[in-house]
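Working notes, structure below.
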Amino acid sequence: MWRYVLKRILLAILSIFIIITLTFFLMHAIPGGPFAAEKAIPDNVKAALERRFNLDKPVFTQYLLYLRNLLRFDFGVSMKHGRDVSRIISEGFATSARLGGFAALVAIAAGLVLGSLAALTRNRLPDRIIIFVTTLFTAIPSFVLATLLLLIFCLQLKVFPVWSATNPSYVLPVISLALYPMAYITRLTKTSMLDVLGQDYIRTAKAKGVKDVIIIFKHALRNALIPVVTYVGPMIAYIVTGSLVVETVFTIGGLGTQFVTSITNRDYSVIMGTTIFLATLIVIASLISDLMYKLVDPRIKFD
Amino acid sequence: MEAEKKDFQKAPFSLQMDLSKFKKATEEEKRQQDVMSESTTFFRDGMRKLFKNPLAVFSIVVLSLIIILILVAPLIVPYGYADMNTVNGKRDKTATNMVPFQYSELEQEYMAEGGERFPHIFGTDSQGRDYFIRCVYGTRVSLAVGLVASVIVLIIGMLYGSISGYFGGRLDLVMMRIVDIIYSLPDMLVIILLSVVLKQVLDVSGTVFASLGTNMISMFIVFGALYWVSMARLVRGQILGIKQNEYVLAAQSVGAKPGRIIRKHILPNCISVIFISTALQIPNAIFTESYLSFVGLGVQAPMPSLGSLANAARDGLQSYPYRLVFPAILICLIVLSFNLLGDALRDAFDPKLVK
């Protein structure tokens with residue numbers, strides 16, 4: 004057990020390290036320094052700027068400096084507007100985390116309910132409707148869904164207000180982020196629920212006269228949950244990347260919008276900082292999800 | 124016949140059969156007795172199952188219609204995807220932002236004089252380009268990206284996975300560690316990162332790829348670099364199972380070389396599983412492409428892709444909602460059909476999957 008945990012943690016640390024290294028060297032492979040842009044800067048100013056950002060040093064020294072700063076959560080400053088990248092990230096993340104957290108909760112809750120319902124009404128109308136709708140949902144990219152929802156419910160029907168910092172309306176962005184993972188969890192729950200319902204202990208419980216509700220919630224769902232746990236990691240990854248576009252569509256000033264803007268502005272230090280931050284988030288989420296999986300299912304062998 | 128009958132005299136208590144009481148079966152009766160169904164190959168059996176599945180038939184029909192559309196439409200519609208509307212060689216500045224089937228003032232004048240204009244089926248965009256043909260080319264680009272990316276993933280994954288699975292041992296261990304690490308990276312973020320950089324660094328002008336544009340090539344590289352890992356894992360797992368079979372041992376003992384054993388004995392036995400996985404990779408790649416185009420890292424303007432069309436449609440969303448709807452429907456139809464088709468293929472061709 005502990006060997007597996009240790010191994011998995013080491014892999015996570017290694018992949019975070021690789022992301023950092025990859026990000027750093029890729030960004031430095033782009034020709035023309037960050038100050039080679041638009042207008043010509045006087046040579047002495049440029050030299051001072053380069054000294055300020057350590058750009059006059061060899062690349063490898065810069066890399067070591069960057070690593071050292073990262074350990075102190077110092078992501079450097081934006082090359083476009085001079086703000087602290089760590090501040091940009093922490094400000095944006097507050098909104099994004101709330102959005103993503105809601106979306107994850109909605110996806111899990113709705114997915115479990117719909118999946119169990121589909122399994123219990125197997126091959127009858129509710130099951131067919133649920134499977135049809137979820138199949139449809141998995142074919143719609145999140146940005147298309149977000150834009151359509153914005154168009155219909157915000158601009159045409161005016162059911163929900165347009166997002167503003169003072170009056171945030173989470174409903175539509177959460178729906179656009181949650182539908183795809185929800186559809187996935189629904190199908191996952193259905194399959195594993197059907198699997199569990201066919202087991203002997205369910206028949207035993209039925210034979211003993213246990214009520215259906217208790218069978219479903221106490222015996223079936225608990226075991227059907229196990230495969231869903233493995234999906235939590237990929238789901239977080241999906242929500243993180245999905246939030247980039249969903250936030251852009253709804254003009255939510257979260258981390259996703261920051262990231263997309265920094266890509267269009269070629270604000271390399273912000274791109275680096277955000278990528279590393281988000282990547283770390285995803286890697287940790289998948290680490291936790293993997294460890295939880297081993298924890299909740301004692302049948303799994305550790306290799 | 125009569126003579127024969129008379130010759131045949133049966134002793135009263137003999138148990139010998141009286142052949143005169145029997146008659147020969149006709150050809151048709153013989154066929155009726157033949158309970159064996161027509162012999163069928165694995166492929167034909169799978170195809171039969173596939174065409175019995177209504178969802179599979181639906182997706183095949185939809186995909187064929189779309190493919191016919193994108194092949195035929197550019198031959199019929201006289202507009203180019205990057206050309207502003209021109210009437211009689213004159214640039215038509217009035218033809219911007221037209222709704223479907225609208226004609227601009229210049230076009231109306233021209234038609235009043237007896238000229239013929241092809242209708243703008245989806246209208247025109249803000250630069251006066253025919254939106255229908257842009258959607259058609261967008262679909263072409265998206266489908267091409269999906270197909271090519273999947274083939275690249277297939278080739279790399281198959282090579283890597285079969286080498287790792289066949290040789291096993293320490294080589295396998297090292298190769299699979301590499302796969303583990305790449306697998307644990309957040310793929311979408313790395314894809315975005317690589318696209319940002321490759322867009323700046325890569326220069327394909329002057330090579331054979333020049334016509335595709337830098338962004339398209341960088342997209343292929345990015346897909347190839349990341350998505351092959353799951354394919355490699357799949358192939359390796361299949362090969363590890365098949366390697367145990369006696370016929371592989373037999374081939375080895377008569378001195379067949381590893382390359383030949385992999386090609387002749389192992390790959391044909393897992394090819395269906397691999398192909399199904401490739402089919403399911405296509406919608407994935409189309410999704411990713413449209414996502415990248417949406418973030419602004421997709422194909423190079425003026426070349427359209429479904430994602431970049433949907434992105435561009437956000438500008439006049441309230442006035443021209445159909446500009447979002449057309450590419451959105453196309454993306455959904457394509458992805459949905461490929462998903463359904465992939466599932467149906469798996470049901471039909473995966474021998475280990477028993478319902």
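Heads up: the sequence lines are chains D and G, in that order. 4 is the number of the first residue of the first sequence in the numbering used here; add one for each residue after it. 124 is the number of the first residue of the second sequence in the numbering used here; add one for each residue after it. Beta carbons are placed, not taken as given, at the ideal position from N, Cα and C, and that holds for glycine.
Interface with chain G (8 Å Cβ-Cβ cutoff): D:I287 is excluded. In the assembly as shown, G:Q367 is an exposed residue. Its beta-carbon has fewer than 16 other beta-carbons within 10 Å. For the options D:V162, D:T194, D:G256, D:T141, the alpha carbon positioned closest to that of D:F96 is the one of D:G256. Under the Cβ distance rule, D:F96 does not count among the residues neighbouring chain G, no pair being separated by less than 8 Å.
Between the alpha carbons of G:T149 and G:M140 lies a gap of roughly 21 Å. Contact note: G:L420 reaches chain D through I266, using a C-beta cutoff of 9 Å and chain order.
Shown in chain order are the members of the region 300-312 of chain G whose Cβ falls below 7 Å from a Cβ of chain D: D303, I304, S307, L308, P309, M311, L312. G:T209 sits in a strand when the DSSP states are folded into three classes. Non-local C-beta neighbours of G:L420 in its own chain, meaning closer than 8 Å and more than five positions away in sequence, comprise I315, S318, V319, K322, N338, ordered along the chain. Contact between the region 67-85 of chain D and the region 159-169 of chain D is absent, with fewer than three C-beta pairs closer than 8 Å.
The beta carbon of D:L73 is closer than 8 Å to those of I23, I279 in its chain, skipping five residues each way along the sequence.
Beta-bridge partners of D:V80 (DSSP): D:D87. In the three-state reduction of the DSSP assignment, G:R437 falls in the coil class, being assigned neither a helical nor a strand state. Only S18, I21, I22, L25, T26, L29, M30, A32, I33 from the region 18-33 of chain D bring a Cβ to less than 8 Å from some Cβ of chain G.
Judged by DSSP secondary structure, G:N392 falls within the alpha helix (DSSP H) whose first and last residues are 390-418. Contact between G:L440 and D:L154 holds, with the beta-carbon distance rounding to 6 Å and staying under 8 Å. Pairwise C-beta distances place the region 201-208 of chain G out of contact with the region 171-186 of chain G, as fewer than three of them are shorter than 8 Å. G:R171 sits in a helix when the DSSP states are folded into three classes.
Of all residues in the region 146-159 of chain D, only F146, V147, T150, L151, L154, L158 place a beta-carbon less than 7 Å from a beta-carbon of chain G. Nearest neighbour of G:A467 by Cα position, chosen from G:E151, G:D168, G:E239, G:V180, turns out to be G:V180. By the rule that beta-carbons nearer than 8 Å mark a contact, G:Q375 does not touch chain D.
Per DSSP, the beta-bridge partners of G:D253 are G:T247. Distance between D:L180 and D:F135, taken at the CA atoms: about 19 Å. One alpha carbon belongs to G:S400, the other to D:P61, and they sit about 45 Å apart.
D:T150 has its alpha-carbon roughly 20 Å from the corresponding atom of D:R101.
Cβ-Cβ distances below 6 Å link D:L148 to S179 in the same chain, with the five nearest sequence neighbours on each side left out; the list follows chain order. The C-beta separation of G:V222 from G:G246 comes to about 5 Å, placing the pair in contact by the 8 Å criterion. For the pair G:K146 and G:F165, the Cα-to-Cα distance works out to about 40 Å. Just measuring C-alpha positions, the residue of D:I219, D:Q261, D:T254 sitting nearest D:P171 is D:T254.
When 7 Å is used as the limit between beta carbons, D:P144 is near these residues of chain G: F410, S413, Y414, I454, in chain order.
The region 450-457 of chain G makes no contact with the region 294-313 of chain G, as fewer than three CB pairs between them are under 8 Å.
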